[in-house]
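Just so we're aligned: the sequence shown equals residues -11 to 164 in the working numbering.
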Amino acid sequence: MDEIRLAEPTQADAERIAEYRAEFPRNQVTCDPDRIPGLDGLEDFDSVADWLRYCESMRGKITWYMAVRNSDDRIVGFCCLRHRLEYDDDDPEFASHIGYSIRPSQRRRGYAKAQLRLALQKAREAGIITARVICLDSNEGSNRTILACGGRRVDALYGPESGLTVNRYDVPTGKE
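Pasting the structure below:
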């Protein structure tokens, strides 16, 4: 795995973000097939440029990051950091400080763990001591990633509307 860094997206990245989004099959993402973790809300906007303006308007509440491979500047993942759980648009029981995704062609290469570790550093910088991170109970890769980054499984919750179960984890950010 090549090293990655987190970078906040800008209007100059719009084409690369659209390319990233296009790689996700519509029925393979989440219970909402238009939603990609880490790109919260992109599906609600007519263009990436509009979504990026929304991201800017949420500064201080939610921060989005591209996981960029250092060797070729390709976006391999995306994550968002919700500075408080109240900024998650889900039911509070299902809220998560960090949402993330890895583009399908770059999975199983260690990028998810590297990206989540970097996102946990950003959470620590934002003053979050313990980050809540959730994922579908059926997403074995994400469950392993969270555990590998120090996650402690709190419980599992069933969502009656979606018919899905999520595992909730608390992950220390390293802040004392």
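Note that the Cβ used here is the ideal one computed from N, Cα and C, for glycine as well.
Given the structure is predicted, the values throughout are model-derived calculations rather than measurements.
Status (buried if at least 16 other CB within 10 Å, exposed otherwise) for residue i
i      : result
S93    : exposed
D61    : exposed
M(-11) : exposed
S84    : buried
I117   : exposed
S213   : Nothing about residue 213 can be read from this structure; the chain reaches only from -11 to 164.
P148   : exposed
N155   : buried
Residue i to residue j span [Cα, whole Å]
i    : j     : result
L124 : Q(-1) : 31 Å
Q16  : R9    : Reliability of the predicted coordinates at Q16 is poor, the pLDDT of 49 falling under 50, and the value obtained from them is presented with this limitation in mind. Going by the C-alpha atoms only, they are around 12 Å apart.
R70  : K49   : 6 Å
L27  : R112  : 21 Å
D1   : L30   : 14 Å
S5   : R(-7) : The sequence shown places Ile at residue 5, not Ser. Using only the alpha carbons, I get a separation of about 16 Å.
D79  : M46   : 19 Å
T153 : Y146  : 4 Å
V56  : A(-5) : 7 Å
Same chain, Cβ closer than 8 Å to residue i, neighbours up to 5 away in sequence not counted
i   : result
F33 : W39, Y42
Own chain residues within Cβ distance below 7 Å of residue i, not counting five before or after
i    : result
F12  : I24, P92
G136 : It is Ala, not Gly, that sits at residue 136 in the sequence shown. Only K101 meet the Cβ criterion.
Chain C contact for residue i (CB, 7 Å cutoff)
i    : result
V154 : The structure shown has no chain C; it contains just one protein chain.
Own chain partners of residue i with C-beta closer than 6 Å, once the 5 adjacent residues on each side are dropped
i    : result
V36  : A2, I5, A6
I134 : V121, Y157
>> Can you confirm whether the stretch 40 to 48 touches the stretch 84 to 96 when touching is taken to mean that 3 or more C-beta pairs between the two stretches lie within less than 8 Å?
In response: no
>> Suppose only complete runs of 4+ residues qualify. What are the alpha helix (DSSP H) ranges in the stretch 0 to 73, listed by chain order?
In response: 2 to 10, 36 to 45
>> Quick check: the stretch 140 to 150 against the stretch 95 to 112, are at least 3 beta-carbon pairs closer than 8 Å?
In response: no
> What are the complete beta strand (DSSP E) segments, minimum 3 residues, inside the stretch 101 to 141?
Replying inline: 118 to 124
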